[in-house]
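The listed protein sequences correspond, in order, to chains A and B. Just so you know, we're using numbering that gives the first Met the number 0 here: the first sequence kicks off at 0 and counts up by one. Just so you know, we're using numbering that gives the first Met the number 0 here: the second sequence kicks off at 0 and counts up by one. Okay, structure first, notes after.
There are 2 protein chains.
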Amino acid sequence: MALATPTEKQIRILVADDHEMILDVARMYLDQQGDMSVVTVPDLDAALNAFREEGPFDIVILDYQMPGMDGLAGLQKMVALAGDRPVAIITGNATRNLMNQSLDAGAAGIISKTLPMRSLANSIRFIHSGETYMPLHLMQDEPKKRAAESGPLSGREMTVLGHLGEGRKNKEIASALGLSEGTVKMHVMSICRKLEATNRTQAVVIARDIGLL
Amino acid sequence: MALATPTEKQIRILVADDHEMILDVARMYLDQQGDMSVVTVPDLDAALNAFREEGPFDIVILDYQMPGMDGLAGLQKMVALAGDRPVAIITGNATRNLMNQSLDAGAAGIISKTLPMRSLANSIRFIHSGETYMPLHLMQDEPKKRAAESGPLSGREMTVLGHLGEGRKNKEIASALGLSEGTVKMHVMSICRKLEATNRTQAVVIARDIGLL
DNA sequence: AAAAAATTAATCCTTTTGGATTGAATAACA
DNA sequence: TGTTATTCAATCCAAAAGGATTAATTTTTT
Numbered sequence: 000m001a002l003a004t005p006t007e008k009q010i011r012i013l014v015a016d017d018h019e020m021i022l023d024v025a026r027m028y029l030d031q032q033g034d035m036s037v038v039t040v041p042d043l044d045a046a047l048n049a050f051r052e053e054g055p056f057d058i059v060i061l062d063y064q065m066p067g068m069d070g071l072a073g074l075q076k077m078v079a080l081a082g083d084r085p086v087a088i089i090t091g092n093a094t095r096n097l098m099n100q101s102l103d104a105g106a107a108g109i110i111s112k113t114l115p116m117r118s119l120a121n122s123i124r125f126i127h128s129g130e131t132y133m134p135l136h137l138m139q140d141e142p143k144k145r146a147a148e149s150g151p152l153s154g155r156e157m158t159v160l161g162h163l164g165e166g167r168k169n170k171e172i173a174s175a176l177g178l179s180e181g182t183v184k185m186h187v188m189s190i191c192r193k194l195e196a197t198n199r200t201q202a203v204v205i206a207r208d209i210g211l212l
Numbered sequence: 000m001a002l003a004t005p006t007e008k009q010i011r012i013l014v015a016d017d018h019e020m021i022l023d024v025a026r027m028y029l030d031q032q033g034d035m036s037v038v039t040v041p042d043l044d045a046a047l048n049a050f051r052e053e054g055p056f057d058i059v060i061l062d063y064q065m066p067g068m069d070g071l072a073g074l075q076k077m078v079a080l081a082g083d084r085p086v087a088i089i090t091g092n093a094t095r096n097l098m099n100q101s102l103d104a105g106a107a108g109i110i111s112k113t114l115p116m117r118s119l120a121n122s123i124r125f126i127h128s129g130e131t132y133m134p135l136h137l138m139q140d141e142p143k144k145r146a147a148e149s150g151p152l153s154g155r156e157m158t159v160l161g162h163l164g165e166g167r168k169n170k171e172i173a174s175a176l177g178l179s180e181g182t183v184k185m186h187v188m189s190i191c192r193k194l195e196a197t198n199r200t201q202a203v204v205i206a207r208d209i210g211l212l
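Shown next as structure tokens:
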């Protein structure tokens with residue numbers, strides 16, 4: 000990938016990670032890109048201080064599991080401090096769940112340690128341009144959606160399932176669909192059987208997990 | 000953003016969209032980038048044919064709502080045909096839900112029509128480099144999580160809620176936590192009150208919606 | 001048209017929940 | 001050190017759900 004145009008200034012990057020090796024690599028590789036300069040710190044508190052005292056920075060990169068992070072709480076602190084400057088998470092274990100949570104917490108991106116350095120440089124330029132970067136292609140979906148479903152749900156069953164998902168009781172579903180309570184009961188049982196759930200609440204949870212709701 | 004290095008060949012792009020205007024813009028803007036050449040077609044069938052007969056293409060871009068698409072079914076057809084070549088979706092209405100479904104269907108990216116053309120060029124280069132591109136920053140989250148919660152759940156209540164989310168019954172929860180059934184019952188009721196649910200199933204659904212589970 | 005699958009419905013009985021109330025022991029806090 | 005909030009627990013009753021079985025009616029498919 001080509002370098003940024005020479006007319007732009009350097010991108011100032013604050014990298015916080017408790018793995019010295021990561022810090023070393025970041026300094027060595029990123030600094031020599033020409034269009035980037037890097038400051039490194041070992042934990043969140045140091046990052047917050049550095050941002051206040053050694054700023055301004057164009058991008059902040061925080062290790063997800065470093066001291067002081069406390070999950071995404073640390074991220075939120077930095078996002079609040081950083082204002083409109085993008086804050087990205089770097090982690091060795093990127094999941095789709097982490098992605099969603101990070102987005103909610105205001106992250107501008109997730110950088111995976113499993114990617115080569117040149118991808119890191121790319122990601123940084125990408126984020127710096129105002130985009131949100133997530134290594135979606137390597138986010139393996141959670142353990143794998145439970146197989147379940149010993150056969151697909153019929154149309155009527157899907158309808159009933161929809162009501163179950165709203166927490167309705169059999170009588171309500173019956174009158175909503177113009178059926179007898181016994182019939183609804185039967186459909187609910189059938190749904191539970193197919194979804195391998197032991198009760199309606201479990202059925203709803205499973206249905207959500209496998210994308211039926 | 001700088002152009003790709005001149006040593007690389009042109010990126011051949013197949014764009015399928017039933018909006019002639021989009022096609023025009025794609026041809027005019029992308030072709031003049033120097034490192035890209037574009038072929039345009041008006042629907043999915045034409046795209047499949049073009050891919051077979053005018054190929055090879057490096058990237059395929061499909062409009063989400065064009066004739067023949069049938070939701071993501073059309074995407075899957077093209078993904079199957081395209082093999083390892085990335086297939087992206089272009090849409091005027093990018094949502095997080097569409098993102099998840101597209102990823103599952105094998106899309107290499109979503110391109111939003113609300114983005115300026117230079118972002119389109121960027122996205123294409125990004126996808127071409129093997130990354131997956133999604134305009135996450137403009138994917139507004141679903142309607143907005145219901146407020147609910149007339150007070151936070153206590154620790155014990157969160158624990159019980161966890162079991163509710165697994166579809167456990169009071170007796171099971173009681174023995175799991177070493178409590179009496181009556182106590183669990185009380186906690187469940189309290190949870191329902193705070194979450195403004197009328198029963199446990201609704202409580203679980205609400206808890207999931209507001210991110211408690 | 002015959003066979004298979006889906007939908008509807010009823011009965012019977014057990015277990016689980018929902019809902020209300022009352023009380024006591026603990027932990028947290030001002 | 002009181003005061004408050006949490007946690008724990010019991011009782012009672014009505015409503016709802018779980019579970020099994022049987023069977024008539026549609027719809028779909030072959």
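Glycine included, each C-beta is placed from N, C-alpha and C at the ideal position. Given the structure is predicted, the values throughout are model-derived calculations rather than measurements.
In the structure shown, the three-state DSSP call for A:M98 is helix.
In this structure, the beta-carbon distance from A:L80 to A:T90 does not fall below 8 Å. Annotation for A:K170: E180 place their beta carbon closer than 7 Å to its own, counting only its chain and skipping 5 residues before and after. Contact residues of the stretch 185 to 208 of chain B toward chain A are A196, T197, N198, R199, T200, Q201, A202, V203, V204, I205, R207 (C-beta to C-beta distance below 9 Å). Segment contact: the stretch 37 to 48 of chain B against the stretch 8 to 19 of chain B, three or more CB-CB distances shorter than 8 Å; contact assigned. For B:G166, at least one C-beta of chain A is nearer than 8 Å to its own C-beta. Contact with chain A is found for B:L163, since one of that chain's Cβ atoms lies less than 8 Å from the residue's Cβ. Rounded to whole angstroms, the Cβ separation of A:H127 and A:I58 is 6 Å, and the two are in contact under 8 Å. Counting the other CB atoms within 10 Å of its CB gives B:D16 a total of 16 or more, which places it among the buried residues.
Residue B:N121 holds the alpha-carbon nearest to the alpha-carbon of B:D34 among B:L43, B:N121, B:S111, B:Q75. Not flagged as an interface residue toward chain A: B:M35, since no C-beta distance is shorter than 8 Å. The beta-carbon of A:M133 is placed less than 8 Å from the nearest beta-carbon of chain B.
For the 8 Å CB-CB criterion, B:A87 and B:G108 form a contact. By the 16-neighbour rule on beta-carbons within 10 angstroms, A:E130 is buried. Contact annotation: B:G154 and A:T200 have beta-carbon atoms that are not nearer than 8 Å. For A:M157, the closest alpha carbon among the candidates A:F125, A:I190, A:T182, A:A104 is that of A:I190.
CA-to-CA, the gap between A:Q31 and A:A25 works out to about 10 Å. In this structure, A:M133 sits away from B:M185, with a CB-CB distance that is not shorter than 8 Å. Boundaries of the beta strand (DSSP E) harbouring B:L13: 10 to 15, taken from the DSSP string. By the CB criterion at 8 Å, A:V203 and B:V159 fall outside the cutoff.
Residue ranges of uninterrupted alpha helix (DSSP H) with 4 or more members, entirely inside the stretch 24 to 72 of chain A and ordered along the chain, are 43 to 52.
In this structure, A:L47 is the residue among A:L119, A:A104, A:L47 with its C-alpha nearest to the C-alpha of A:F56. Per DSSP, reduced to three states, the secondary structure at B:G108 is strand. Around B:P85, the same chain offers I58, A107, I126 as residues with beta carbons nearer than 6 Å, after the five sequence neighbours per side are excluded.
Here B:H162 has I172 as same chain residues with Cβ atoms under 6 Å from its own Cβ, once five neighbours each way along the sequence are excluded. With a cutoff of 8 Å on beta-carbon distance, A:Q75 and A:A104 are scored as near each other. The alpha-carbon of A:S174 is positioned some 15 Å away from that of A:V187. In the DSSP assignment, B:T131 falls outside any alpha helix (DSSP H), carrying neither H nor E. In this structure, the straight-line span from the alpha carbon of A:L119 to that of A:I60 is close to 11 Å. Going by C-alpha positions, A:G54 is about 47 Å away from B:H18. Taken in chain order, the unbroken stretches of alpha helix (DSSP H) that lie wholly in the stretch 155 to 200 of chain B and span 4 residues or more are 169 to 176, 180 to 194.
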